[in-house]
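This report concerns only the one structure given below.
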Amino acid sequence: MIKIDNLTLGYKKKDHVKEIIKELSFSLNKGELLCILGENGVGKTTLYKGILGLIKPLKGQILIDDVDNESLSSNKRGKLISYVPQYHVPPFPYKVLDVVLMARGAHISKISSPKKKDIEIAVNALETLNIKSLMNEDYTRISGGERQLVLIARALAQDTDYIFLDEPTSNLDFGNQLRVIKWLDSLSKKGKGVCFTSHNPRQALMFNTKVLILLKDHFIWGNANNIIDSKLISDMYGIDVRVRERNIETFLEGIR
């Protein structure tokens, strides 16, 4: 379990501290799918930085399998958590397979090369997302949507208990958006703790995920179908909307 306990995150300036996340508490269990919703600027990126060990808590703590996150080395954390950024452009034109193989770095020594098993894991990850045909393409020459799928394949190849994704469907067409969310749901059903940020509440409602809603002065945490309603979305985004129930199971079954 990843447990966030009374967490405050922010940035220290010369003469003051700017708090972005304040007194936040929630958890992510293995086998759960969690969607984080919130308008721009409420702290989703800051929260991820804290979980990834890039910034230290101002107050409270982050526990990963009962171990304080601050005590973990980057290599140990890399064996527990994988991360998929929203945007990524490498400085060199690596082949797609090489980009995915980079995820195996936490499992091999710095002076070793990837073994046959590592290559098989990387190829299987690409195949899972139906992009094996891209494995020998230059990563810098494929489309933005294809890059996003490659990054998700890289997270899969890292083989961690927890996966965090920053708006994983933002560059994808409608079909691939549904495929990715369904894939994330299937990963959680296989025992992984999966967390993704989104601006689309429908993605949480489709699978009744756990949901963490970050608002400017408080947060809400629970099951999507229990807490997401018209008023909440209207308050969160400042628009007038209505949430209607609709059975989409048959439609989703057609997504491969």
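Mapping to numbering that gives the first Met the number 0: the sequence shown position 1 is 0, numbers consecutive.
Yeah, the Cβ is synthetic: ideal placement off N, Cα and C, and Gly gets one too.
Between the alpha carbons of Q202 and S73, how many angstroms are there, rounded?
31 Å
For L125 versus A152, is the C-beta spacing smaller than 9 Å?
Contact check for L125 against A152 passes: the beta carbons are separated by less than 9 Å.
By the DSSP assignment, the alpha helix (DSSP H) with D234 in it spans what residues?
In the DSSP assignment, D234 falls within the unbroken alpha helix (DSSP H) covering S229 to Y236.
Could you please give the first and the last residue of the uninterrupted beta strand (DSSP E) stretch that includes D4?
I1 to K11
Whole-number beta carbon distance between I61 and L27, since they are thought to touch under 8 Å:
Between I61 and L27 the Cβ distance is about 11 Å, and since that is not below 8 Å, they are no contact.
Does the distance from the C-beta atom of V210 to that of G221 stay below 9 Å?
yes
Just to confirm, is the Cβ distance from Q147 to S81 under 9 Å?
Going by C-beta atoms, Q147 is not nearer than 9 Å to S81.
D165 and Y93: beta carbons closer than 9 Å?
no
I'd like the span of the beta strand (DSSP E) that includes E166, first residue to last.
Note, E166: premise wrong, no beta strand (DSSP E); not H, not E.
Are G42 and N68 closer than 9 Å when you measure CB to CB?
Contact: no.
Straight-line Cα distance separating G40 from S185
If you take the alpha carbons of S185 and G40, they lie about 30 Å apart.
Using C-beta distances below 6 Å, list every residue in its chain close to T168, excluding the 5 sequence neighbours before and after it, in chain order.
Q176 and V179
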